Amino acid sequence: MKLSFVDLSRASAPSGGRPPAISLIREATRAGLEARGFRCAPPGEAQLTLVDVLDDGADPDHGGYEGEAIDACDGPLILRVHASPGGHQPAAGLGALLERADGVILSTRSHLVRLGSAGLLEASRTDLIAPAAPELSPALEAPCGSGVLVLGEQLPSPLEQAVGELALGCSLLGPDAQDAGSADRLQGLVEQHATVVLTDIELAEDGVIAEVCRQLGRTLIAPGGVDLASQPHCFTVSASATSRDWIRALVAARDAVLPAALPAPAVSGPLDRLARVLSRAKRRQDCPRSSAA
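Reading the sequence shown from the start, the letters are residues 136 to 428 in my numbering.
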């Protein structure tokens, strides 16, 4: 099947930018679908369009090439919506895209509930599929690493205070908008540090960064619930963590004894399910593309 792979997630979000996992998800998706018989093609030749869009409270910018790519494909339009930090309401432009789509894919239950409660989803054309993480091979010569790597635009004050009290080295990595090679670049940075930190629950829930850390044998600290807390390399804090909370988590992560770094599983369930959903996608007869907003 020929696939047009469109990205509407690059616009800056009011709440802090493109989440760091999106580049990894897109890179893993492209490689995984190609391995399953999909072939990326120009929009005019594609049988299907997969669009990544960010739910960040701002209207998606689908002008220029991206808008033309969406309109050029006569096949089904599948929208994959990524969550972004912040208590924003879904933008009207996102609602218009959701109404127009032949299928919608979400990554987390909380995001599904949020958009569903806003009346923006139709159950018959919505799928909940965990995103694919890149498959990494730990470098044998990689150093043990020290300090923490924080993925985000800035350190929250309580975390900054905790890092200072513990005298930990700290690096800050903002959003990476380049998909190709993003996994290798992140791997190099993660292997230079002992611990990775995510500061927003929306950035941790999809599990992609947690899987990267698992493969590379690094600890992760993030706001999260049962899924993260059940993994031996993950240490959770609340969404409103104090400096004391961050200190406890940082110390626990620092002192943790982890199993050796592990490669990714040979079979990716999320990618297999995504491939099935895309293969079965059909155009909606009740929403002609030419009349969509």
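Note that the Cβ used here is the ideal one computed from N, Cα and C, for glycine as well. These numbers come from a predicted model, not from an experiment.
Note to self: Tell me the residue span of the beta strand (DSSP E) that contains VAL283.
What the structure shows: Looking up residue 283 in the sequence shown gives position 148. 283 to 286 is the extent of the beta strand (DSSP E) around VAL283.
Notebook entry, point to check: Beta carbon of ILE382, beta carbon of VAL372: below 8 Å?
Noted result: Along the sequence shown, read from residue 1 onward, the residue named residue 382 stands at position 247. Along the sequence shown, read from residue 1 onward, the residue named residue 372 stands at position 237. No. Outside cutoff.
Next item on the list: Have a look at ARG174 and LEU241 and give me their C-alpha separation to the nearest angstrom.
Entry: Translated into positions along the sequence shown, residue 174 becomes position 39. Translated into positions along the sequence shown, residue 241 becomes position 106. Cα to Cα, the separation comes out at about 23 Å.
Next item on the list: Keeping to the same chain, check which residues put their C-beta closer than 7 Å to that of PRO405; ignore five residues upstream and five downstream.
Entry: Counted from its first residue, the sequence shown places residue 405 at position 270. Once the five neighbours on either side are set aside, the close Cβ partners of PRO405 are ILE264, ALA265, PRO266 and ALA267.
Checklist line | Local conformation of SER252 per DSSP, three classes | finding: Taking the sequence shown and counting its residues from 1, one reaches residue 252 at position 117. Correct three-state label for SER252: helix.
Note to self: For the beta strand (DSSP E) containing ARG215, name the first residue and the last one.
What the structure shows: Translated into the one-based positions of the sequence shown, residue 215 becomes position 80. Here the beta strand (DSSP E) through ARG215 covers 212 to 218.
Notebook entry, point to check: Among LEU284, LEU301, PRO293 and GLU340, which has the Cα closest to the Cα of GLY323?
Noted result: If you number the sequence shown from 1, residue 323 lands on position 188. Cα-wise, what sits closest to GLY323 is LEU284.
Checklist line | In DSSP terms, what ALA357 is bridged to | finding: Position 222 of the sequence shown holds residue 357. Paired residue(s): THR371.
Checklist line | ARG174 in three-state terms, based on DSSP | finding: Counting from one through the sequence shown, the residue named residue 174 turns up at place 39. In the structure shown, ARG174 sits in a strand (DSSP, three-state: E or B).
Notebook entry, point to check: Would you say the beta carbon of ASP362 comes nearer than 7 Å to a heavy atom of the ligand ZN?
Noted result: The ligand ZN is absent from the structure shown, which contains no ligands of any kind.
Notebook entry, point to check: On the three-state DSSP scale, how would you describe ASP191?
Noted result: Indexing the sequence shown from 1 puts residue 191 at position 56. It is coil, neither helix nor strand.
Check: In terms of residues, what are the limits of the beta strand (DSSP E) holding VAL239?
Finding: For the purposes of this step, residue 239 is taken as residue 104 along the sequence shown, with counting starting at 1. Where VAL239 is concerned, the enclosing beta strand (DSSP E) stretches over 238 to 241.
Next item on the list: Enumerate in chain order the residues of its own chain whose CB-to-CB distance from SER378 is below 6 Å, with the five nearest sequence positions on each side excluded.
Entry: Here residue 378 corresponds to residue number 243 of the sequence shown, with the count starting at 1. Result list for SER378: PRO293, GLN296 and ALA297, in chain order.
Check: For the beta strand (DSSP E) that contains VAL392, what are its first and last residues?
Finding: On the sequence shown, position 257 is the one that residue 392 refers to. Where VAL392 is concerned, there is no enclosing beta strand (DSSP E), given that its DSSP letter is neither H nor E.
Check: Under 8 Å, do GLY282 and HIS328 count as touching if we go by C-beta distance?
Finding: Here residue 282 refers to the residue found at position 147 when the sequence shown is read from its first residue. Here residue 328 refers to the residue found at position 193 when the sequence shown is read from its first residue. It is a contact, given that the beta carbons lie within the stated cut-off.
Check: Can you tell me whether GLY179 is buried or exposed, with buried defined as 16 or more other CB within 10 angstroms of its CB?
Finding: In the sequence shown, the residue the question calls residue 179 occupies position 44. Burial call: exposed.
Checklist line | LEU308 to ARG389 span [Cα, whole Å] | finding: Taking the first residue of the sequence shown as position 1, residue 308 is located at position 173. Taking the first residue of the sequence shown as position 1, residue 389 is located at position 254. Answer to the nearest angstrom: the Cα atoms are 20 Å apart.
Item checked: Element boundaries [beta strand (DSSP E), containing LEU138] -> Here residue 138 refers to the residue found at position 3 when the sequence shown is read from its first residue. From DSSP, the beta strand (DSSP E) with LEU138 extends over 137 to 143.
Notebook entry, point to check: How many angstroms separate the CA atom of SER414 from the CA atom of MET136?
Noted result: Translated into the one-based positions of the sequence shown, residue 414 becomes position 279. Translated into the one-based positions of the sequence shown, residue 136 becomes position 1. If you take the alpha carbons of SER414 and MET136, they lie about 8 Å apart.
Margin query: Rounding to the nearest angstrom, what Cα-Cα distance links HIS223 and LEU168 in this structure?
Written below: Within the sequence shown, numbered from 1, the residue matching residue 223 stands at position 88. Within the sequence shown, numbered from 1, the residue matching residue 168 stands at position 33. Computed Cα separation, rounded: 32 Å.
Next item on the list: Tell whether a beta-carbon distance below 8 Å holds between LEU183 and ALA416.
Entry: Within the sequence shown, residue 183 is the residue found at index 48, counting from 1. Within the sequence shown, residue 416 is the residue found at index 281, counting from 1. Yes, they are a contact pair.
Check: Which same chain residues, not among the five before or five after GLY316, have their C-beta less than 6 Å away from its C-beta?
Finding: As a working note, residue 316 is residue 181 in the sequence shown. Cβ within range, chain order: n/a, list empty.
Check: Taking the C-alpha atoms as reference points, what is the distance between GLU257 and VAL239?
Finding: To locate residue 257, count along the sequence shown from 1; it is residue 122. To locate residue 239, count along the sequence shown from 1; it is residue 104. Straight-line Cα distance between these residues: approximately 9 Å.
Margin query: Tell me the rounded alpha-carbon separation between THR164 and ALA170.
Written below: Taking the sequence shown and counting its residues from 1, the one referred to as residue 164 is at position 29. Taking the sequence shown and counting its residues from 1, the one referred to as residue 170 is at position 35. Rounded to whole angstroms, THR164 to ALA170 spans 10 Å at the Cα level.
Check: What is the residue span of the beta strand (DSSP E) that ASP319 lies within?
Finding: To locate residue 319, count along the sequence shown from 1; it is residue 184. Element bounds for ASP319: not the beta strand (DSSP E) but the alpha helix (DSSP H), 317 to 325.
Notebook entry, point to check: For SER272, which three-state DSSP category applies?
Noted result: Residue 272 sits at position 137 when you count from the first residue of the sequence shown. Correct three-state label for SER272: coil.
Notebook entry, point to check: Mapping DSSP to helix, strand and coil, what is LEU301?
Noted result: One-based indexing of the sequence shown puts residue 301 at position 166. Coil.
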